[in-house]
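So the structure is just underneath, and the comments pick up after that.
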Amino acid sequence: MSKLVLNTDQNYQAAILGAIGTNMFRHLYVTDENGEESDAARDGDRSCALFVTSVLFLFGRIDAVRATVTSTVKSFEQSAHWTQTATPVAGDVVEYASSDGATTGHVGFFLNSNEVISNVSAQHTPAKHALVMEKNGAPVAFWHWCGDIEQGMSS
Numbered sequence: 000m001s002k003l004v005l006n007t008d009q010n011y012q013a014a015i016l017g018a019i020g021t022n023m024f025r026h027l028y029v030t031d032e033n034g035e036e037s038d039a040a041r042d043g044d045r046s047c048a049l050f051v052t053s054v055l056f057l058f059g060r061i062d063a064v065r066a067t068v069t070s071t072v073k074s075f076e077q078s079a080h081w082t083q084t085a086t087p088v089a090g091d092v093v094e095y096a097s098s099d100g101a102t103t104g105h106v107g108f109f110l111n112s113n114e115v116i117s118n119v120s121a122q123h124t125p126a127k128h129a130l131v132m133e134k135n136g137a138p139v140a141f142w143h144w145c146g147d148i149e150q151g152m153s154s
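Quick note: the sequence shown uses numbering that gives the first Met the number 0, first residue 0, plus one each step.
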């Protein structure tokens with residue numbers, strides 16, 4: 000029997016595109032220090048970091064799934080495997096500033112110079128949309144993975 004080699008980057012891109020329309024990231028149930036339970040993702044309204052970090056975790060590009068943009072960006076800043084880039088490529092993470100100053104911004108996946116896939120609150124699911132967002136404006140950063148592309152995957 001021949002040995003199979005996983006095409007990790009191709010599978011990564013397929014996972015991002017395949018997430019469009021999924022309900023998988025609509026809920027993230029948590030319990031606070033007072034024992035109060037809640038849905039941190041608010042039925043998909045606040046699921047962008049959950050979506051992005053779930054895909055990154057699946058492919059060994061982040062150490063844990065995260066619920067917030069702040070903790071996601073902090074993990075990139077503290078990692079030797081993530082760097083900001085001025086020339087993003089498909090699959091890089093796009094970071095947006097907050098649209099209202101009260102929230103922590105938004106993240107998604109860069110597709111090309113015109114498109115991103117991220118959780119779209121109005122749809123409660125990942126969807127394609129314009130790179131420059133109506134609410135969040137233009138991206139403030141692009142994050143590029145520069146680690147071992149085979150990390151986390153085996154055949």
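We put the beta carbon where it would ideally sit given N, CA and C, even for glycine. Because the structure is a prediction, the values reported are computed rather than measured.
Measure the C-alpha to C-alpha separation of residue i and residue j and round it to an integer number of angstroms.
i	j	result
Ala140	Phe56	20 Å
Asn33	Gly59	33 Å
Arg45	Ala39	7 Å
Pro87	Trp81	12 Å
Pick from the options: whose alpha carbon is nearest that of residue i?
i	options	result
Leu137	Ala48, Thr82, Gln9, Glu94	Reading off the sequence shown, one finds Ala at residue 137, where the question assumed Leu. If we check each option's Cα against that of Ala137, Glu94 comes out closest.
Ala18	Thr69, Val72, Phe50, Ile61	Phe50
Val54	Val106, Ser78, Asp31, Ala39	Val106
Cys47	Ala126, Asp147, Cys145	Ala126
Leu145	Phe108, Ser1, Thr84, Asn135	With the sequence shown as reference, residue 145 is identified as Cys, and Leu is not the correct amino acid for it. The residue with the shortest Cα to Cα distance from Cys145 is Thr84.
Taking 7 Å as the threshold (C-beta atoms), are residue j and residue i in contact?
i	j	result
His128	Asp42	no
Leu130	Asn118	no
Val68	Trp142	no
Phe75	Ile15	no
Thr30	Thr52	no
Can you look up residue i in the DSSP assignment and give me helix, strand or coil?
i	result
Ala13	helix
Val92	strand
Thr71	helix
Asp8	helix
Gly107	strand
Gly136	strand
Ala126	strand
What is the C-beta distance between residue i and residue j, in whole angstroms, given that I count them as a contact (C-beta under 8 Å)?
i	j	result
Leu27	Ala89	Actually they do not touch by this definition, with Cβ atoms about 26 Å apart.
Lys73	Ser98	Wrong, their Cβ atoms sit about 20 Å apart, outside the cutoff.
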